[in-house]
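Accompanying notes for the structure given below.
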Amino acid sequence: MPQYTLKQASELLQSKQISTVELATEYLNAINAQNPTLNGYITLNPEATLAEARAADERIAQGKGGLLTGVPVAYKDIFCQTGWRTACSSKMLDNFVAPYTATVVQNLLDAGMVTLGRTNMDEFAMGSTNETSFYGAAKNPWNLEHVPGGSSGGSAAVVAARLAPAALGSDTGGSIRQPASHCGITGIKPTYGTVSRFGMVAYASSFDQAGPMAQTAEDCAILLNAMASFDERDSTSLEREKEDYTRDLNAPLKGLKIGLPKEYFTASNSADVQTALENAKALLQAQGAELVEVSLPQTELSIPAYYVLASAEASTNLSRYDGVRYGHRAEKFGDLDEMYANTRAEGFGSEVKRRIMIGTYVLSHGYYDAYYLKAQKLRRLVANDFQTAFAQCDLILAPTAPTAAPKLGELNHDPVQAYLSDIYTIAVNLAGLPALTLPAGFSSDGLPIGVQLIGNYFSEARILGTAHQIQLNSDWHTKSLA
């Protein structure tokens, strides 16, 4: 069973201790053995994977290999890649094979990375447990009776199960950070606009952001270096000077001010989550960081604001799936209107339909001002709260979720309760800030628990460096059941 971090895999390939084909084959064999139970991957193409691996070996033999050449990577089933099915874990796109490649995927292909497959997710990234997938839920490798989190649950599960050294996820309301917490890995959501959204199927366009998921903060920094770029095909892409996200990995933490938002440290957190937070606080203080209390007073209102805005954008973005141009089309219908209705009724799952209905309602005449406009104003207040907090601290430490991973089916009866599980992640997306989850302990029944480090705009390097220093002095990120 492969146990390599991304950096270790890179070192093995560069020193020619293993070939890219051998490494890819090792992962494919492990996937064949474990994935039928885990359900982390939903699309595999071994022939394409090995073809990419052979090309990477040729590149290395010619002395043209780089840090990531030949390193395998998995992609959440939301990133298009020419010739690969990109279904967004939905019946609606079950037969869709991408005719073009997402910019972020192309960046990694240009770096020489090898595609392992597409990972399971909540349908169209709508969910917090990976249970809305048309292909069935991915399982948490630490306990197969529990969810891996969502919506990037498959990406988190395959990294945690050591079926990929790294994976890409997308984060709309916590969908990288929450599953990273539940599966005991590291994942970062960059500042909005840092990574191109071109070729990443949209859920809520003003929230969606791609990010890396791996065992360590160092791996995430290396991957983010290759992922981030300006893209003229993405109108929300930020044109900035190229950064080195590994630059602060060895920076000392002495004098760093860590904010503790009082609204996040409450009795609603489980005792296990509180213990994980205390673990992180102790490690930060031991390295000279200073802890200060801050306030984020709009925290409780971030959930209703998010679900109004994200559902509105989902309603608009998903209107393109009508059975006319691509994707599922109903077989039985009388006229065009009935074709639309039947196609969407058959193609979308219940959670996607729920959010489309909410979004359509809040955008409708007579309700736009009452809901959508007010939610946009609240979004600005949430962003202002963070700026006030960052005037008093450099980074914010927070829980990622109120509990460890719930059991499969535990939240299915109550969608609102599932929405509330994102209480600590959503505000970051409303504000467009960067945030990272890293492992910080285990629950009483052996499930991983992560904590968040939240930074101001473009502070990814500092966040990654702080997380790396924590991981140099702890071993939670090294644990696995693989």
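When the sequence shown is numbered by the working numbering, its final residue is 474 and no position is left out of the sequence of numbers.
Ideal Cβ positions, reconstructed from N, Cα and C, are used throughout, including at glycine.
Computed from a prediction, not measured in an experiment: that's the story for all the values here.
Please go through the same chain and pick out, in chain order, the residues whose beta-carbon is closer than 8 Å to the beta-carbon of residue 238, but skip the five residues on each side of it. Sequence-distant partners of residue 238 (beyond 5 residues in either direction) whose C-beta falls short of 8 Å from its own C-beta, in its chain, are 210, 213, 214, 217, 453 and 456.
Which residue comes first and which comes last in the alpha helix (DSSP H) that contains residue 131? Neither: residue 131 is in no alpha helix (DSSP H) and is coded neither H nor E.
Comparing alpha-carbon positions, which option in 377, 345 and 227 lies nearest residue 448? It is 377 whose Cα lies nearest to the Cα of residue 448.
Are the beta-carbon atoms of residue 465 and residue 275 separated by less than 8 Å? The answer is yes: Cβ separation under 8 Å.
Residue(s) in a DSSP beta bridge with residue 162: Paired residue(s): 202.
Quick check on the burial criterion: 16 or more other C-beta atoms within 10 angstroms. Buried or exposed for residue 114? Residue 114 is buried by the Cβ-count criterion.
Between residue 353 and the rest of its own chain, which residues show a CB-CB distance below 7 Å, the 5 nearest in sequence each way excluded? Sequence-distant partners of residue 353 (beyond 5 residues in either direction) whose C-beta falls short of 7 Å from its own C-beta, in its chain, are 359.
Run through the region 414 to 451 for me and flag every whole beta strand (DSSP E) of 3 or more residues, listed as ranges in chain order. Within the region 414 to 451, the complete beta strand (DSSP E) segments at least 3 residues long are 427 to 434 and 440 to 447, listed from N- to C-terminus.
Would you report the Cα separation of residue 42 and residue 222, rounded to the nearest angstrom? Between the C-alpha atoms of residue 42 and residue 222 there is a straight-line separation of about 30 Å.
Name the two residues that bound the continuous alpha helix (DSSP H) containing residue 380. Start and end: 366 to 382.
C-beta atoms of residue 264 and residue 396 nearer than 8 Å: The answer is yes: Cβ separation under 8 Å.
Taking three-plus beta-carbon pairs below 8 Å as touching, is the region 92 to 100 in contact with the region 325 to 336? The region 92 to 100, when compared against the region 325 to 336, does not touch it at the 8 Å Cβ threshold.
Exposed unless 16 or more other CB atoms sit within 10 angstroms - verdict on residue 136: The residue in question, residue 136, is exposed, as its Cβ has fewer than 16 Cβ neighbours within 10 Å.
Local conformation of residue 174 per DSSP, three classes: In the structure shown, residue 174 falls within a helical segment according to DSSP collapsed to helix, strand and coil.
Measure the alpha-carbon distance for residue 386 versus residue 249 and round it to whole angstroms. Separation of residue 386 and residue 249 (C-alpha to C-alpha, rounded to the nearest whole angstrom) is 5 Å.
Option nearest residue 347 by Cα separation, candidates 301, 423, 389 and 37: For residue 347, the closest C-alpha among the options 301, 423, 389 and 37 is that of 301.
Evaluate the contact criterion for the region 45 to 65 versus the region 178 to 194: three or more CB pairs, one atom per stretch, below 8 Å. The region 45 to 65 is not in contact with the region 178 to 194.
Where residue 187 sits in the DSSP three-state scheme: Residue 187: coil per DSSP, three-state reduction.
So residue 362 is in the alpha helix (DSSP H); what residue range does that whole segment cover? Unbroken run through residue 362: none, as it is neither H nor E.
So, with DSSP's three-state summary, where would you put residue 33? Correct three-state label for residue 33: strand.
Thinking just about the alpha-carbon of each residue, which of 433, 436, 435 and 416 is nearest to the one in residue 427? The shortest CA-to-CA distance from residue 427 to any of 433, 436, 435 and 416 is the one to 416.
Integer-rounded CB distance, given that residue 167 should sit under 8 Å from residue 117: Rounded, the Cβ-Cβ distance is 6 Å, consistent with contact.
Can you tell me whether residue 290 is buried or exposed? The criterion is at least 16 other CB atoms within 10 Å of its CB, across all chains shown. With 16 or more Cβ atoms within 10 Å of its Cβ, residue 290 is classed as buried.
Quick check on the DSSP output: what are the complete beta strand (DSSP E) runs of length 3 or more inside the region 20 to 101, in order along the chain? Fully enclosed beta strand (DSSP E) runs of 3 or longer: 33 to 36 and 64 to 68.
So, are the CB atoms of residue 13 and residue 45 less than 8 Å apart? Contact: yes.
Cα-Cα separation between residue 356 and residue 33, rounded to whole angstroms: Residue 356 and residue 33: Cα-Cα distance of roughly 38 Å.
Give me the Cβ distance between residue 159 and residue 67, rounded to the nearest whole Å; I'm assuming they're in contact under 8 Å. Yes, residue 159 and residue 67 are in contact; Cβ-Cβ is about 7 Å, under 8 Å.
At the level of alpha carbons, what is the spacing between residue 52 and residue 9? Spanning the alpha carbons of residue 52 and residue 9 requires a straight line of approximately 12 Å.
Can you check which of these residues, 40, 21 and 6, is closest to residue 54 by C-alpha distance? Ranking the options by Cα distance to residue 54, first place goes to 6.
Chain-order list of residues whose beta-carbon lies under 6 Å from that of residue 240 (same chain, five-residue window excluded): 453, 454 and 457.
Pick out whichever of 50, 382 and 36 has its Cα sitting closest to the Cα of residue 284. Looking at 50, 382 and 36, the one whose alpha-carbon comes closest to that of residue 284 is 382.
Check whether the region 126 to 146 and the region -4 to 4 touch, using three or more Cβ-Cβ pairs below 8 Å as the test. No: the two stretches stay apart, fewer than three of their Cβ pairs being nearer than 8 Å.
With DSSP collapsed to three states, give me the class of residue 454. It is helical.
Sort 326, 374 and 472 by Cα distance to residue 295 and report the nearest one. When only C-alpha atoms are compared, the closest one is 374.
Spatial neighbours of residue 473 within its chain, please: C-beta separation below 7 Å, excluding the five flanking residues on both sides. Listed in chain order, the non-local C-beta contacts of residue 473 below 7 Å within the same chain comprise 133 and 134, local neighbours out to five positions each way being set aside.
Under a Cβ-count criterion, where at least 16 other Cβ atoms within 10 Å of its own Cβ denotes burial, should residue 121 be classed as buried or exposed? Buried, since its Cβ has 16 or more Cβ neighbours within 10 Å.
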